[in-house]
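Residue numbers for the sequence shown follow the working numbering, so the first one is 4 and each next one is one higher.
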Amino acid sequence: PEINNRVKTLAASQSADIGSQLLNQGVTIIGGRGEFVDDVSGMAHHRVKVTTTDGKVGVLKADVVLIATGASPRVLPNAVPDGERILTWRQLYELNELPTHLVIVGSGVTGAEFCNAYTELGVTVTVVASRDQILPHEDSDAAAALEQVFNERGVTLVKNARAESVTRTDEGVAVKIADGRVVEGSHALMTVGSVPNT
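Next comes the structure, spelled out in structure tokens:
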């Protein structure tokens, strides 16, 4: 909990710092929801209907509109996070104790980062990778070097293993692989990508 609280405090501080920098540059920040209400779409002049967090409605005009809605963890239909044993990277920060055996489903950058962090904390980690290497979209030499480090730290890499489902068991979780294999652990962390908030 102490580490998670520190991470959450740092994230809140970073958000506040970014907000301060924007304000110092003359940017107006309006909390709420925006919706294009252009008379003709695709034109160089835009109208955005804004509903603020306190319910006020107004229309803003702009030549350029930057849409930065953020993203949320992708959820698989047969691996729905429950916030207790089957987790997204956001929910992981809410745990009150460290997992004893964390099964990370997904081997991209997010999965690799959490693998590194939790092995450093002494947690047993298994990574379920759908491809033949971790970091499938990165340089293969860099991926191989990272795999070697993970192997030296005792990480179990289960490659060419597409997760079909993640379910809770009496002892923790079971990750069923498409070829019939099953990987068990105390917790599962789903790092299978993100979807834009729209």
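For each residue, glycine too, the CB sits at the ideal point set by N, CA and C.
Computed from a predicted structure; not experimentally measured.
Original post:
Who pairs with residue 187 in a beta bridge, going by DSSP?
Top reply: As computed with DSSP, residue 187 is found in a beta bridge with 177.
**OP:** Return the chain-ordered list of same chain residues with a C-beta closer than 8 Å to the C-beta of residue 25, the five sequence neighbours on each side being excluded.
**Re:** The residues are 32.
Original post:
Cβ atoms of residue 34 and residue 56: under 8 Å apart, would you say?
Top reply: Yes.
**OP:** Could you have a look at residue 128 and say whether DSSP puts it in helix, strand or coil?
**Re:** strand
Original post:
Cβ atoms of residue 40 and residue 89: under 8 Å apart, would you say?
Top reply: no
Original post:
By Cβ distance, which residues of its chain are closer than 7 Å to residue 201, with the 5 residues on each side in sequence left out?
Top reply: 72
Original post:
Who are the Cβ neighbours of residue 42 in its own chain at under 6 Å, not counting the five residues just before and after it?
Top reply: none
Original post:
Under the rule that 16 or more other beta-carbon atoms within 10 Å means buried, what is residue 46, buried or exposed?
Top reply: exposed
**OP:** Determine the DSSP secondary structure at residue 23, reduced to helix, strand or coil.
**Re:** Note: residue 23 maps to helix in three-state DSSP.
Original post:
Which residue from 125, 117 and 141 puts its Cα closest to that of residue 2?
Top reply: Because the chain in this structure spans residues 4 to 201, residue 2 falls outside the shown range and cannot be described.
**OP:** Would you mind working out which of 6, 51, 96 and 139 sits nearest residue 111, comparing C-alpha positions?
**Re:** For the residues 6, 51, 96 and 139, the minimum Cα distance to residue 111 belongs to 139.
Original post:
Which first and last residues belong to the beta strand (DSSP E) in which residue 36 is found?
Top reply: 35 to 39
Subject >> Residue closest to residue 44, alpha-carbon to alpha-carbon, out of 20, 60, 66 and 153 >> reply: 66
Original post:
If you count every other CB in all the chains shown that lies within 10 Å of the CB of residue 21, and 16 or more means buried, which is it?
Top reply: exposed
Subject >> Residues of its chain near residue 62, where Cβ-Cβ distance is below 6 Å and the 5 sequence neighbours each way are ignored >> reply: Only 50 and 52 meet the Cβ criterion.
Original post:
So residue 134 and residue 162 are in contact, right, with Cβ under 8 Å, and what is the actual spacing, rounded?
Top reply: Contact annotation, residue 134 with residue 162: C-beta distance approximately 7 Å; criterion of less than 8 Å satisfied.
Original post:
How many Å lie between residue 151 and residue 131 at the Cα?
Top reply: 16 Å
**OP:** Over the uninterrupted alpha helix (DSSP H) stretch that includes residue 95, give me the two end residues.
**Re:** 92 to 95
Original post:
Out of curiosity, what's the CA-to-CA distance linking residue 87 and residue 109?
Top reply: 19 Å
Subject >> Rounded C-alpha distance that separates residue 79 from residue 154 >> reply: 28 Å
**OP:** For residue 107, count neighbouring Cβ atoms within 10 angstroms of its own Cβ and tell me buried if that reaches 16, exposed if not.
**Re:** buried
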